[in-house]
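Trainee:
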Amino acid sequence: MTSPTLEAIRCSRIFSGQRALANTDLAFIAGQSVALLGPNGAGKSTLLGILATLVRPSTGEVRLDGQTIGSSQRSALGLAAHETLCYGDLTGRENLALFARLYSVSDRTRVDGLLDRLDLLEAADRPARSYSRGMQQRLALARALLHRPRILLLDEPFSGLDSAGVELLRAILAEERTRGTLLITITHDLGAIAGLVDRAIVLRYGRVVFDGPAPHSGDELRALYAEQARGVAT
Numbered sequence: 341m342t343s344p345t346l347e348a349i350r351c352s353r354i355f356s357g358q359r360a361l362a363n364t365d366l367a368f369i370a371g372q373s374v375a376l377l378g379p380n381g382a383g384k385s386t387l388l389g390i391l392a393t394l395v396r397p398s399t400g401e402v403r404l405d406g407q408t409i410g411s412s413q414r415s416a417l418g419l420a421a422h423e424t425l426c427y428g429d430l431t432g433r434e435n436l437a438l439f440a441r442l443y444s445v446s447d448r449t450r451v452d453g454l455l456d457r458l459d460l461l462e463a464a465d466r467p468a469r470s471y472s473r474g475m476q477q478r479l480a481l482a483r484a485l486l487h488r489p490r491i492l493l494l495d496e497p498f499s500g501l502d503s504a505g506v507e508l509l510r511a512i513l514a515e516e517r518t519r520g521t522l523l524i525t526i527t528h529d530l531g532a533i534a535g536l537v538d539r540a541i542v543l544r545y546g547r548v549v550f551d552g553p554a555p556h557s558g559d560e561l562r563a564l565y566a567e568q569a570r571g572v573a574t
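When we follow my numbering, the leftmost residue of the sequence shown carries the number 341, and every step to the right adds one.
(1) Counting along the chain, where does the beta strand (DSSP E) carrying LEU492 start and finish?
(2) Determine the burial state of PRO397: buried for a count of at least 16 other Cβ atoms within 10 Å of its Cβ, exposed for fewer.
(3) Given a threshold of 16 other Cβ atoms within 10 Å of its Cβ, counted over all protein chains shown, does HIS487 qualify as buried or as exposed?
(4) So, are the CB atoms of VAL395 and ARG539 less than 7 Å apart?
(5) Measure the C-alpha to C-alpha separation of ALA504 and ILE390 and round it to an integer number of angstroms.
(6) Give a yes or no on contact between the region 398-411 and the region 428-440, applying the rule of three or more CB pairs nearer than 8 Å.
(7) Which residues in the same chain as GLY535 place their Cβ atom closer than 6 Å to its Cβ, once the five residues preceding and following it in sequence are excluded?
(8) Relative to the alpha-carbon of THR386, which residue among SER412, LEU417, GLU434 and CYS351 has its alpha-carbon at the smallest distance?
(9) Residues in the same chain with beta-carbon distance under 8 Å from PRO489, minus the five sequence neighbours each way, listed in chain order, please.
(10) In three-state terms, what does DSSP make of ILE369?
(11) In chain order, which continuous runs of the beta strand (DSSP E) of length 3 or greater are located wholly inside the region 371-411?
(12) Rank HIS528, THR345, ARG457 and TYR471 by C-alpha distance to the C-alpha of GLY406 and give the top, closest one.
(13) Extract the residue ranges of the beta strand (DSSP E) inside the region 411-497, only unbroken runs of 3 or more that lie entirely within it.
(14) Taking GLY546 and GLY383 to be in contact with their CB atoms under 8 Å, please state how far apart those CB atoms are, rounded to whole angstroms.
(15) Alpha carbon to alpha carbon, how far is HIS422 from VAL572? Give it in angstroms, no decimals.
(16) Which residues share a DSSP beta bridge with LEU543?
(17) My guess is that LEU479 and THR424 are in contact by the Cβ rule of under 8 Å, so how many angstroms apart are they, rounded?
(18) Who are ALA352's beta bridge partners in DSSP?
(19) Who are the near neighbours of LEU501 in its chain, counting only those whose CB is closer than 7 Å to its CB and skipping five residues on each side?
(20) Do GLU496 and THR527 come within 7 Å of each other at the CB atom, strictly closer than that value?
(21) Suppose you measure from the CA of GLY410 to the CA of GLY453; what does that come to, to the nearest Å?
(22) Excluding sequence positions up to five away, which residues of its chain have a Cβ less than 8 Å from the Cβ of THR431?
(23) Where does THR345 fall in DSSP's three states?
(24) Count the other C-beta atoms from every protein chain shown that fall within 10 angstroms of the C-beta of PRO553, then say buried if there are 16 or more, exposed otherwise.
In structure tokens form, the structure reads like this:
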């Protein structure tokens with residue numbers, strides 16, 4: 341059996357007395373593409389934040405390659421959060437160049453290569469605050485990919501993208517799967533993610549209620565989600 345790359349072990353999180361995540365055990369292996377699904381407030385973003393080491397679990401731990409994960413291992417992770425967190429006063433190129441320095445990316449062609457791949461090259465020298473929501477989303481994805489992480493964590497990556505942007509993102513995710521990247525994606529756009537994931541995890545009230553193979557078609561994935569998330573207000 342393949343050893344897990346990333347594990348959440350008995351992870352719980354409580355905010356102001358309210359349980360956001362309860363005793364969650366999950367293991368992920370390299371090359372998997374996982375859809376993390378659930379209604380609003382189900383605990384998806386909390387779990388992703390814990391896996392990304394941005395949220396400390398109230399109980400439990402996260403392990404990377406069998407060891408408790410720490411800040412020194414964050415270079416293995418790439419995160420595109422629901423909020424793009426781009427520096428608005430910096431240009432697109434400057435945003436990526438800053439993170440290239442932080443991650444010690446020595447390949448000088450990497451920044452322009454990603455700007456080109458994400459269809460941002462023509463806007464590369466404009467302040468990020470002038471970008472549309474979809475352009476900022478693509479810039480955040482470029483930043484997450486910059487250091488070629490082994491694990492890519494995405495929170496609503498299709499939000500704000502037009503149809504061309506959705507197809508571009510689908511192509512990039514397919515490329516990352518081929519590269520062997522572990523992909524964990526939160527999304528409500530089940531049609532966009534269909535065919536790109538091999539595992540679906542559904543959360544409800546902070547607990548995993550389904551963890552199994554993901555249907556290939558969008559309709560089947562929607563049906564699975566509707567069955568597992570039934571009875572929860574969105």
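Ideal Cβ positions, reconstructed from N, Cα and C, are used throughout, including at glycine.
Mentor: According to the structure data:
(1) Taking the sequence shown and counting its residues from 1, one reaches residue 492 at position 152. It spans 491-495 - the beta strand (DSSP E) in which LEU492 sits, taken as one unbroken run.
(2) Counted from its first residue, the sequence shown places residue 397 at position 57. Label assigned to PRO397: buried.
(3) By 1-based counting over the sequence shown, the position of residue 487 is 147. Buried: at least 16 other Cβ atoms inside 10 Å.
(4) As a position in the sequence shown, residue 395 is number 55, starting the count at 1. As a position in the sequence shown, residue 539 is number 199, starting the count at 1. Cβ distance not < 7 Å, so VAL395 and ARG539 don't count as in contact.
(5) Indexing the sequence shown from 1 puts residue 504 at position 164. Indexing the sequence shown from 1 puts residue 390 at position 50. The alpha-carbon atoms of ALA504 and ILE390 are separated by roughly 32 Å.
(6) The region 398-411, when compared against the region 428-440, does not touch it at the 8 Å Cβ threshold.
(7) Along the sequence shown, one-based indexing puts residue 535 at 195. Same-chain partners within the cutoff: HIS556.
(8) Here residue 386 refers to the residue found at position 46 when the sequence shown is read from its first residue. Nearest C-alpha to THR386: CYS351.
(9) Here the question's residue 489 lines up with position 149 in the sequence shown. Only SER415, ALA416, LEU417, GLY418 and THR521 meet the Cβ criterion.
(10) Residue mapping note: residue 369 aligns to position 29 of the sequence shown, counting from 1. Here ILE369 sits in coil by DSSP.
(11) You should have 373-377 and 399-404.
(12) The count along the sequence shown starts at 1 and reaches residue 406 at position 66. Nearest Cα to GLY406 within the set HIS528, THR345, ARG457 and TYR471: THR345.
(13) If we require 3 residues or more, the beta strand (DSSP E) runs fully inside the region 411-497 come out as 417-420 and 491-495.
(14) Mapped onto the sequence shown, residue 546 falls at position 206. Mapped onto the sequence shown, residue 383 falls at position 43. Rounded, the Cβ-Cβ distance is 4 Å, consistent with contact.
(15) Within the sequence shown, numbered from 1, the residue matching residue 572 stands at position 232. Within the sequence shown, numbered from 1, the residue matching residue 422 stands at position 82. Caution is warranted here: a pLDDT of 45 is assigned to VAL572, below 50, making its placement in the model unreliable, and the coordinate value is therefore given only provisionally. The straight-line gap from Cα to Cα measures roughly 22 Å.
(16) Numbered from 1 along the sequence shown, position 203 holds the residue referred to as residue 543. The partner list for LEU543 (beta bridge, DSSP) reads VAL548.
(17) Translated into the one-based positions of the sequence shown, residue 479 becomes position 139. Translated into the one-based positions of the sequence shown, residue 424 becomes position 84. About 7 Å separates the two Cβ atoms, so the contact holds.
(18) Looking up residue 352 in the sequence shown gives position 12. It is Ser, not Ala, that sits at residue 352 in the sequence shown. Paired residue(s): THR399.
(19) For the purposes of this step, residue 501 is taken as the residue at position 161 of the sequence shown. Excluding positions up to five away in sequence, the list reads GLY474, GLN477 and LEU509.
(20) Here residue 527 corresponds to residue number 187 of the sequence shown, with the count starting at 1. Here residue 496 corresponds to residue number 156 of the sequence shown, with the count starting at 1. Yes, the pair counts as a contact, with Cβ atoms nearer than the cut-off.
(21) If you number the sequence shown from 1, residue 410 lands on position 70. If you number the sequence shown from 1, residue 453 lands on position 113. GLY410 and GLY453: Cα-Cα distance of roughly 30 Å.
(22) Taking the sequence shown and counting its residues from 1, the one referred to as residue 431 is at position 91. Excluding residues up to 5 positions away in sequence, ALA464, ASP465, ARG466, PRO467 and ALA468 lie with their Cβ nearer than 8 Å to the Cβ of THR431 in the same chain.
(23) Taking the sequence shown and counting its residues from 1, one reaches residue 345 at position 5. Annotated three-state conformation of THR345 is coil, per DSSP.
(24) Position 213 of the sequence shown, counted from the start, is the residue given in the question as residue 553. Looking at its Cβ environment, which holds fewer than 16 other Cβ atoms inside 10 Å, PRO553 is exposed.
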